[in-house]
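Enquirer: Quick one: the structure is below, and I'll ask about it shortly.
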Amino acid sequence: MSTYFSTQGQVIRCKAAVAWGPGKPLVIEEVEVAPPQAMEVRLKILFTSLCHTDVYFWEAKGQTPVFPRIFGHEAAGIVESVGEGVTELKPGDHVLPVFTGECKECRHCKSEESNMCDLLRINTNRGVMLNDGKSRFSINGKPIYHFVGTSTFSEYTVVHVGCVAKIDPEAPLDKVCVLSCGISTGLGATLNVAKPPKGSTVAIFGLGAVGLAAAEGARMAGASRIIGVDLNSNRFEEAKKFGVTEFVNPKDYNKPVQEVLAEMTDGGVDRSVECTGSINAMISAFECVHDGWGVAVLVGVPNKDDAFKTHPINVLNEKTLKGTFFGNYKPRTDLPSVVEKYMNKELELEKFITHELPFSEINKAFEYMLKGEGLRCIIHMGA
Ligand SMILES: NC(=O)c1ccc[n+]([C@@H]2O[C@H](COP(=O)([O-])OP(=O)(O)OC[C@H]3O[C@@H](n4cnc5c(N)ncnc54)[C@H](O)[C@@H]3O)[C@@H](O)[C@H]2O)c1
Ligand SMILES: [Zn+2]
Ligand SMILES: [Zn+2]
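Counting along the sequence shown from 1, when you hit position 40 you're at 40 in the UniProt record's numbering, and nothing is skipped either side.
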């Protein structure tokens, strides 16, 4: 049975939270959302949450400013209509939009080792759609730019079909929306990239939702010690629910945290996963792994001028440095099975959700994140 929405082929007028300039509170505006073009789909967003990547590009302190813009990339919704050439999705399908896509045709999409699609990999500076180089959002004919191809802080958005994962229609969208970025990223960074052997010691830098999902991955992989590192000690109590067994606040020591970790672990941890976005934490996360076999995985999004500096002897000493977007998951191929992990109760999502807000109060979600309060805040678009 197929669903048909009467808005198909029409411009939709709806509410969106527009960022008019760096660091300025979002303003709920009435925007016009054009119909999807070739290989695009228009989604009705039901729930969205805030990830730290939105906040960096909204603050635009160390990032290229692109304004006015509609942020948002962690969300869940329903397909409203599809553009020409779209055969895999139809109106009514339940979906998760993803900031990095999968065209299924390029060398990366065909490789088992990569999710860095040539066509649809993350591009934080592009504010337009690929098909015609234009935005689908406007106010009085003036364009409002997209963010990472998703722009989910809008009741309706247009996304490339390759950035949309079709999921189990039974999955509760107000929970699985957190799998569209942060939780899958952290989980995959550990399970798919760091791959800690059973019984190993894993350090997690940054105990926000992404880091705690990485800790959850370490617990699932059978790590015996999971050491959480964060500058905010308020994180430590909550982190116990995610299997973190020990805590280190770098501010409590007058030596580099990599030395503290080396002393705690007889020379270094077996794996580390960095989920902070701080260049110093990235360097510490690499240097704290054990020589001979240690592997560090970078997840945090750096500032545009950051440079990673370490002595090459660390590499000669057989420490490995890796990085990942979206935990190496291919969004269309792999995300439905991550949703199934939640449906089968192998993965708990409720504990990542610490706040809920109506769309009209979206700016409060930014305040929570800037204060380091809570993990994920679910924004109800219909409320
Ligand atoms: N690679 C990807 O695909 C991907 C996907 C999602 C998010 N991210 C990035 O992951 C990071 C975490 O995202 P989040 O939403 O969990 O953010 P968050 O703000 O909720 O958590 C970050 C945590 O890091 C801590 N922190 C900051 N600097 C630190 C330092 N120097 N040492 C130790 N701890 C430090 C903070 O106190 C905070 O608890 C961000 O950089 C985000 O942009 C990357
Ligand atoms: Zn994100
Ligand atoms: Zn591709």
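Don't be surprised by glycine CBs; every beta carbon is placed ideally from N, CA and C. Since the model is a prediction, treat every value here as computed from it, not as a measurement.
On a CA-only basis, which of Ser-233, Gly-277, Pro-65, Ala-203 is nearest Val-260? Give me that one, please.
Expert: Nearest C-alpha to Val-260: Ala-203.
Enquirer: Cβ-heavy atom distance between Met-369 and ligand 1 below 8 Å?
Expert: Yes - ligand 1 has a heavy atom lying nearer than 8 Å to the Cβ of Met-369.
Enquirer: Just to confirm my understanding: we take Thr-201, look at its own chain, exclude 5 residues before and 5 after, and list those with CB closer than 6 Å. What are they?
Expert: Result list for Thr-201: Arg-225, Thr-265, Val-269, Asp-270, in chain order.
Enquirer: Name all residues in chain order for which at least one heavy atom of ligand 5 lies closer than 6 Å to the residue's CB.
Expert: In terms of ligand content, the structure shown lacks ligand 5 and carries ligand 1, ligand 2 and ligand 3 instead.
Enquirer: Which runs of the alpha helix (DSSP H), 4 residues or longer, sit entirely within the stretch 289-341?
Expert: Runs found: 313-316.
Enquirer: Of all the alpha helix (DSSP H) runs that stay within the bounds of the UniProt domain "Alcohol dehydrogenase-like N-terminal" (39-167), which reach a length of 4 or more residues?
Expert: Here the runs fully enclosed are 52-59, 107-110.
Enquirer: Is the beta carbon of Phe-96 less than 9 Å from the beta carbon of Ser-233?
Expert: Contrary to the premise, residue 96 reads as Leu rather than Phe in this sequence. It is not a contact, given that the beta carbons lie outside the stated cut-off.
Enquirer: Closest to Tyr-329 by CA distance: which of Ser-272, Gly-182, His-380, Ile-144 is it?
Expert: The candidate whose alpha carbon is nearest that of Tyr-329 is Gly-182.
Enquirer: Grab me the residues of Met-343's own chain with a C-beta within less than 8 Å of its C-beta, minus the 5 sequence neighbours each way, in chain order.
Expert: Contacts found: Asp-168, Glu-170, Ala-171.
Enquirer: Indicate whether Leu-46 and Met-369 have their beta-carbon atoms separated by less than 9 Å.
Expert: No; because the gap between Cβ atoms is not below 9 Å, this pair is not in contact.
Enquirer: Closest to Glu-348 by CA distance: which of Asp-54, Lys-241, Phe-326 is it?
Expert: The shortest C-alpha separation from Glu-348 is found at Lys-241.
Enquirer: Of all the options Leu-43, Gly-72, Phe-57, which has the alpha carbon lying nearest to the alpha carbon of Gly-83?
Expert: With distances taken between Cα atoms, Gly-83 lies closest to Leu-43.
Enquirer: Hey, could you find the ends of the beta strand (DSSP E) Glu-356 is sitting in?
Expert: Run containing Glu-356: 353-358, per the beta strand (DSSP E) assignment.
Enquirer: Would you list the one or two residues that DSSP bridges to Lys-371?
Expert: Note: Lys-371 sits in no beta bridge, so no partner.
Enquirer: Excluding the 5 residues flanking Leu-89 on each side, which residues of the same chain have their C-beta closer than 8 Å to its C-beta?
Expert: Once the five neighbours on either side are set aside, the close Cβ partners of Leu-89 are Val-41, Val-79, Val-82, Val-95, Val-161, Val-164, Lys-166.
Enquirer: Can we count Arg-271 as close to ligand 1, meaning its CB is less than 8 Å from some heavy atom?
Expert: No.
Enquirer: Between Asp-266 and ligand 1, is the CB less than 8 Å from at least one heavy atom?
Expert: Incorrect: Asp-266 has no Cβ contact closer than 8 Å to ligand 1.
Enquirer: Taking the alpha-carbon of Val-148 as reference, which of Arg-126, Ser-135, Asn-254, Leu-173 has the nearest alpha-carbon?
Expert: It is Arg-126.
Enquirer: Check whether the Cβ of His-108 sits closer than 8 Å to any heavy atom of ligand 3, and report yes or no.
Expert: It does: the Cβ of His-108 is within 8 Å (strictly closer) of some heavy atom of ligand 3.
Enquirer: Keeping to the same chain, check which residues put their C-beta closer than 6 Å to that of Tyr-246; ignore five residues upstream and five downstream.
Expert: A small fix is needed here, since residue 246 is Glu in this sequence, not Tyr. Within the same chain, Glu-246 has close Cβ partners Ile-227.
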